[in-house]
Amino acid sequence: MLPISLLLFISFVVFQADASKCYPDYCRTVKNFEFTPQDVCLIEKVQRGQDCLEKRFDLMSHVPPNSDRIVEVFLTAYIKDFGGVNPKATALNLTIDNVDFAGLTTRFQGLGDESATSACRHAKFHHNVTQFPLTDFHVSCPFSNYSFEMVSYRLEYAIYNDTYEYSRKLLFLVPDHRFLENNNLTLFSPFIYTDVSEETSVGLYIQPISRKYNVTQYKVWAINRGTNHTQVVVLEDSGKNHHIHHKFIMGDGENVIHVAALHPTCPNNGCRNTTSPVINILPPPGRLYIMIISVVWIPPVILYLILRYFQYIKKREFLLAQARKPKCLLVYSPTHMAHVNVMLDLARYLKCCNIDAMIDNEDIPCSEHKDPYLWCNESYARADIIIIAASPDTGRIAPIMYRNLDKHVMALLKENFCRGNKKYYALQFPYCKPDDIPKEARHFKQFSMPEDLDKLVRTIHQNDYINYFRAWDRDFVDSIQIASMQMYISERSTPSTEENDDFLLPNDKDKTVVEIKAVIETQGEKKSPPIIRSAPKMFKTDIEELNLLGESNDGDIETQSFNAQAGGSKFCIDTLNL
């Protein structure tokens, strides 16, 4: 039997796809599921709000009863081209083989921001589907823009039939569409997701890279952050156009998985790696044994209850920390394009750490009014924390759309600083000087990047005990290194100009050249007037006007001669060759 595909393209903010392209012709969207004899499948529009948020999937069984098979689900990432200023964004397909069940319910949620990003959808199929499975069934709704990239999400889905109902849970990081381009294998990041439905085991799924690259192996690191225990596995691609699957047995605490493609053009540890969101494995709940009440057993019972109480407080603190999402405004001066890329990678990293990082280049195009100064005023008013970054003094502005926003924020800071309703921090980078921090922010608490990156995140959250669903910070560190190299090259290529107060004065080596040429006039001819020009021009002077012998100009010119005595030294004016 041919495989059947269920394609669900997800969107968490605005679904902008044409309804006629979202599902097959034999399906129709409804508000209430009422089948007619002609209906094969009915699809409900995307639902949001409190009902979607409060729907419980964890109360169901995670496997079907009677050893029935688990429906295989595959997530696939690809690039969607919308056209316009920011044409490309990452989109996801949810593929299910053999649709032989009665209904499907899905819910997508951004980790740490469930109330704003929850999106549910229901689909029901005619009962004949169990005997005659549908083919080419799909529901598609692409992302509205690229602002969801590099953010962790959770997919929960429930599959039900007349006799059973079970659910599964997947975690994934929406990849950056730039790393899905098929141009350079060394920059390609494979898309991965994890099935965390079981208590102790985690299923890893890897989307294979295009066959044209001839990549057949993938290296996987499963790391427990608490014990630093690492499992290293090399997985083979079977070449059957299916995802690569592997199951890990992980210990309690925080776990993370890294995946890299192996190819001769890449280093020994593989090409660019992909990191999964943090996987939290909770210890199994302890059992409360009923004991005979006696004086001997009372102290252990009290200690046990105290221990359970502290475990409850610790778990509650963890959940409250994830529910909080501080709003942070990043302020910088776009003096160099490499510095702009550093700030963009910093904003993406903070978003993965459950921080609402607001930055002009990514947020202004997604705003309703698209006005930079109006966005700046609104973001400053909404922000709990203002982070002012040092910017290198290059003497020019990078070719970006939004300029002088840092000066506008500085003006807002001067007006509102006395209110004391916000916190202010300053960032220093290795390619910047101490004076590159604006004067208004030099007395703020400073963090050196990238050494104090974790310290900055914990300071923003105001809690040392926080587990983050975050990505690897390698992109941000690489951006800083690239910016440092470009700044160094720019400084070396700019010639240094020494101050010279005498720069406008003539050089001592430039001497005035004076040529005195005797003009011998024939008798009856008039004497030529002397010609005097400024250096480096030639000077012409009549030798008879020089009065070298101290003669009087009055009267007739008399000729005097000087006869030197014979000796070793002779001086004759006619030999001077004036």
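If you use mature numbering (1 follows the signal peptide of the UniProt record, and there is no 0), the sequence shown corresponds to residues -19 to -1, 1 to 559, in order. Beta carbons: idealized from backbone N, C-alpha and C, even for Gly.
Check, Outcome
"Delimiting residues of the beta strand (DSSP E) encompassing S257", "Here S257 belongs to no beta strand (DSSP E), and DSSP marks it neither H nor E."
"Assumed close pair A370, V312 - CB separation to whole angstroms, cut-off 8 Å", "7 Å"
"Exposure of T98, with buried meaning 16 or more beta-carbon neighbours within 10 Å", "buried"
"Cross-strand partners of G184 (DSSP beta bridge)", "D176 and K228"
"Element boundaries [beta strand (DSSP E), containing R423]", "Taken as a continuous stretch (DSSP letters only), R423 belongs to no beta strand (DSSP E), as it is neither H nor E."
"Simplified DSSP state of R377, which is helix, strand or coil", "coil"
"Separation of I441 from D387, as counted between CA atoms", "21 Å"
"Reduced DSSP secondary structure (H/G/I, E/B, other) of R9", "strand"
"For F14 and V44, the rounded distance between their alpha carbons", "26 Å"
"Among V177, S170 and N236, the one whose alpha carbon lies nearest that of P189", "S170"
"Beta-carbon proximity check, residue 562 vs G184, cutoff 8 Å", "Residue numbering for the chain in the displayed model covers -19 to 559; residue 562 lies beyond these limits and cannot be assessed."
"8 Å CB neighbourhood of K332 in its chain, flanking five on each side removed", "M131, V132 and A338"
"Buried versus exposed call for H224 [16 or more other C-beta atoms within 10 Å across all chains shown]", "buried"
"Neighbourhood of K26 by C-beta, 6 Å cutoff - its chain only, sequence neighbours within 5 removed", "T10"
"Beta-carbon gap between T57 and T71 smaller than 8 Å", "no"
"W278 versus R289: straight-line alpha-carbon distance, rounded", "17 Å"
"Rounded C-alpha distance that separates E146 from A104", "14 Å"
"Nearest-angstrom Cβ-Cβ length linking P431 and I461, presumed shorter than 8 Å", "6 Å"
"Euclidean distance between Cα positions of P315 and S429", "19 Å"
"T440 - DSSP class collapsed to helix/strand/coil", "helix"
"Burial state of T86 (16 or more Cβ within 10 Å)", "buried"
"Collapsed DSSP secondary structure at D352 in the structure displayed", "coil"
"Residues near A392 by beta carbon distance below 8 Å, same chain, minus five either side", "none"
"Unbroken alpha helix (DSSP H) run spanning H317, endpoints", "It is not in any alpha helix (DSSP H) - H317 carries neither H nor E in the DSSP assignment."
"Euclidean distance between Cα positions of K306 and S360", "15 Å"
"Burial state of P415 (16 or more Cβ within 10 Å)", "exposed"
"For K388, the first and last residue of its enclosing alpha helix (DSSP H)", "L386 to N397"
"Anticipated Cβ contact below 8 Å, D365 with K426, distance rounded", "Actually they are not in contact, since the Cβ atoms of D365 and K426 sit about 15 Å apart, beyond 8 Å."
"Beta-carbon gap between V259 and H227 smaller than 8 Å", "no"
"Limits of the alpha helix (DSSP H) - the one that N342 falls within", "D341 to D344"
"Assigned exposure category for G30 - 16 Cβ within 10 Å defines buried", "exposed"
"Segments of 3+ residues assigned as beta strand (DSSP E) that fall wholly inside the region 25 to 82", "54 to 62 and 69 to 77"
"Where D176 falls, given that 16 or more other Cβ within 10 Å makes a residue buried", "buried"
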